[in-house]
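Residue numbers (this note's numbering), protein chains in the order written: chain S, 140 to 442; chain D, 1251 to 1609. Yeah, the Cβ is synthetic: ideal placement off N, Cα and C, and Gly gets one too. Beneath this line is the structure, given in structure tokens, with notes to follow.
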């Protein structure tokens, strides 16, 4: 009786529901949907920021230009290699730290968890300053306490491609806090019976971890993977530290920003943005496709 | 370990003691491992912490200790002399340098100045200074002089307050809609909302930047940064919705029967049970504004007096500060989020954990 009155009078509740979500819906249309469509439209024009009234339709010229004259292939490769060099490392570290934190033998569990989480909330500016101070050849600690004691050649110049690449990796490792927590949450939510049963059957710790724990928490791993991936693409989920070291956290994003803010060629920038968008979609669709093979959902009963 | 508890009766005392020993060893190794991971993981922050309290002279001395310290000085002949560790054969003496020379220098023994000057052969530049712990606050004073930290903090607070009210209220209302009411297309709109998280920022930035800067002429104002928050935020909506769905419906239904509208029910029945997640969302949003540099660099570059803290500190680099001042500015900008995290660690951890449950 109650239910019928309040929740199942479909027509009115649908209207109420729509009304309640309308702020998001309007925001979605204004700040997501229309801009994306507008970007698509702009990408077929020679829209110039400083002279918008002279805009002309140029067809596919921007796209042809992008593929023929700019190193777009290189940027696709750089973006993909950024994914390959950071995401597996992030995932591995998240799983390792979560497994360590999950141990009942760990002293001070909440405090250790917080310590692992701290780097993920450090503002991007602070990371930038800290990193370049840390690797400074004259006053920093990288040469003095890490490279030289190991007998390695020290860094001579703080601002080289390799130090920036290292910064990208460090900063990605310093953003795994939410991932650790998500995986840890999944590990703690596992039923103890499965592990106990496996132990009784004689499965060693390695078999238990790789054979049982990992498959059971695979949805959490997949969720973490997506979060990390979006981070590489320059997007933000959960914690935004506003990456500042390259203006944008993705190399492709930098290329687009260059055409936007240095050249003011919004039409061309829009075509690049759409190419990037398609690239992101392809990677994500690819991941969701393969996820069916390795992400285990108990209620669907398959591995 | 509970594993062994039941075994006690089954095993001989000796085996039991051996097992206990292994257990202790395992625990020790595990804890050592975790804390050394943490040490390595946080190593650069130790550098930053230490350098923030250092004097520039120490920073330039490669033989100085890693913690903030000051070279010991000794007042001799009306001047302050630096004290070094001077080797004499097997013995190392702590002596104050009086007359530095390229191949031989003259020192005085602070413990026994009456003995007169002591000559030592060798380059004094190779000597290691004698340091004692000494933390200086000069770097922070310099920053407070050259940057308007107060103004930046105030800007951050006002921005966080305005956009925080907007985003929290709108996200709560939207999340309630997603959690409790049937919508046209079923869950489709909810999935669309999750999918918007995957959209790269650049693609939406091109038209919106043009709209905000050229059409609406909002360059140099907070409007382009704050306005979008009044339409909710997908991540916060997701977190709130998960939480609302976990609350039993009965109370809400009773309120609806009593004639309360959906908004009234939301604010008087649902919200009082949802403070932890609301606090989590508010805090996430505060971190967002505190860390904000991206939008600020687009819209506030021409109005530096409106800078929020991170963007303001970022500009500090262009003033060419010495490394220890730069590290102190990093410490200032990261101190607040870290302190908030430490105070509220339990709440915060739980709040982020909510996301992992569904999906």
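**Asked** Of all Cβ atoms in chain D, is any one closer than 7 Å to the Cβ of residue 370 of chain S?
**Response** For residue 370 of chain S, the answer is no, since every Cβ of chain D falls outside 7 Å of its Cβ.
**Request:** Just the chain S side, please: which residues come within less than 7 Å of residue 1277 of chain D by C-beta, in chain order?
**Result:** 244
**Prompt:** What residues in the segment 1490 to 1505 of chain D have a beta carbon less than 7 Å from any beta carbon of chain S?
**Reply:** Cβ contacts with chain S: 1503.
**Message:** Does any residue of chain S have a CB that is nearer than 7 Å to the CB of residue 1216 of chain D?
**Reply:** Any answer about residue 1216 of chain D is impossible in this case: the structure gives chain D only from 1251 up to 1609.
**Same chain only: Cβ atoms within 8 Å of residue 1349 of chain D, ignoring 5 sequence neighbours per side** = 1355, 1356 and 1367
**Message:** Just checking: is the beta-carbon of residue 239 of chain S within a distance shorter than 7 Å of some beta-carbon in chain D?
**Reply:** Chain D, which has a Cβ nearer than 7 Å to the Cβ of residue 239 of chain S, makes this yes.
**Message:** Using the three-state DSSP reduction, which class does residue 335 of chain S fall into: helix, strand or coil?
**Reply:** helix
**Prompt:** Can you tell me the Cα-Cα spacing of residue 1316 of chain D and residue 1296 of chain D, whole angstroms?
**Reply:** 9 Å
**Asked** With 16 other CB atoms within 10 Å as the buried threshold, where does residue 1404 of chain D fall?
**Response** exposed
**Asked** If contact means a Cβ-Cβ distance below 8 Å, which residues of the segment 1462 to 1485 of chain D contact chain S?
**Response** Here the close residues are 1464, 1478, 1480, 1481, 1482, 1484 and 1485.
**Request:** Can you give me the start and stop residues for the beta strand (DSSP E) that residue 1319 of chain D sits inside?
**Result:** 1319 to 1321
**Message:** Which same chain residues end up closer than 6 Å to residue 1313 of chain D when comparing Cβ atoms and leaving out the 5 residues on each side of it in sequence?
**Reply:** 1378
**Message:** Tell me the rounded alpha-carbon separation between residue 357 of chain S and residue 165 of chain S.
**Reply:** 35 Å
**Item:** Within 7 Å, strictly: CB atoms of residue 1483 of chain D and residue 395 of chain S
**Value:** no
**Request:** Answer yes or no: does any C-beta atom of chain S fall closer than 7 Å to that of residue 1424 of chain D?
**Result:** yes
**Prompt:** Can the beta-carbon of residue 253 of chain S be found closer than 7 Å to that of residue 1335 of chain D?
**Reply:** For residue 253 of chain S and residue 1335 of chain D, no; Cβs fall outside 7 Å.
**Prompt:** Would you call the CB atoms of residue 1385 of chain D and residue 1318 of chain D closer than 7 Å?
**Reply:** yes
**Asked** For the segment 1522 to 1548 of chain D, which residues have a CB atom closer than 9 Å to at least one CB atom of chain S, in sequence order?
**Response** 1534, 1537, 1538, 1540, 1541, 1542, 1543, 1544, 1545, 1546, 1547 and 1548
**Prompt:** Would you say residue 269 of chain S faces chain D, with C-beta separation under 7 Å as the test?
**Reply:** yes
**Prompt:** Using a Cβ-Cβ distance under 7 Å, would residue 442 of chain S count as near chain D?
**Reply:** Residue placement at residue 442 of chain S cannot be trusted, given a pLDDT of 37 that sits under 50; the coordinates are not used to answer.
**Asked** If you draw a straight line from the alpha carbon of residue 183 of chain S to that of residue 169 of chain S, how long is it in whole angstroms?
**Response** 21 Å
**Item:** Where the beta strand (DSSP E) containing residue 450 of chain S begins and where it ends
**Value:** Coverage of chain S is limited to positions 140 through 442, which leaves residue 450 of chain S absent and any answer about it impossible.
**Prompt:** So, are the CB atoms of residue 1422 of chain D and residue 1490 of chain D less than 7 Å apart?
**Reply:** yes
**Asked** Looking at the unbroken beta strand (DSSP E) that takes in residue 1463 of chain D, where does it start and where does it end?
**Response** No beta strand (DSSP E) holds residue 1463 of chain D; DSSP gives it neither H nor E.
**Request:** Name, in chain order, the residues that DSSP records as bridge partners for residue 1370 of chain D.
**Result:** In DSSP, residue 1370 of chain D forms a bridge with D:1355.
**Through-space distance from residue 1274 of chain D to residue 1268 of chain D, alpha-carbon basis** = 10 Å
**Item:** Length at least 3, wholly inside the segment 1425 to 1503 of chain D: the beta strand (DSSP E) runs in chain order
**Value:** Runs of the beta strand (DSSP E) spanning 3 or more residues and lying entirely within the segment 1425 to 1503 of chain D do not occur at all.
**Limits of the alpha helix (DSSP H) - the one that residue 1273 of chain D falls within** = Residue 1273 of chain D: member of the alpha helix (DSSP H) spanning 1263 to 1291, first to last residue.
**Message:** Please report the distance separating the alpha-carbon of residue 1471 of chain D from that of residue 331 of chain S.
**Reply:** 55 Å
**Residue(s) in a DSSP beta bridge with residue 228 of chain S** = DSSP, once it has assigned bridges, lists no residue as partnering residue 228 of chain S.
**Message:** Please confirm whether residue 405 of chain S has its beta-carbon closer than 7 Å to some beta-carbon of chain D.
**Reply:** yes
**Message:** In the DSSP output, which residue or residues are listed as bridge partners for residue 171 of chain S?
**Reply:** Within the DSSP secondary-structure output, residue 171 of chain S pairs in no beta bridge.
**Three-way DSSP call (helix, strand, coil) for residue 1587 of chain D in this model** = helix
**Message:** For residue 1330 of chain D, list the residues DSSP reports as bridge partners.
**Reply:** Residue 1330 of chain D is bridged to D:1325.
**Message:** Using 7 Å as the threshold, is the C-beta distance between residue 233 of chain S and residue 318 of chain S below it?
**Reply:** Residue 318 of chain S is positioned such that its CB atom lies closer than 7 Å to that of residue 233 of chain S.
**Message:** Which residues in chain D have a C-beta closer than 9 Å to the C-beta of residue 326 of chain S? List them in chain order.
**Reply:** Those within 9 Å of residue 326 of chain S in chain D number zero; the least Cβ separation is about 10 Å.
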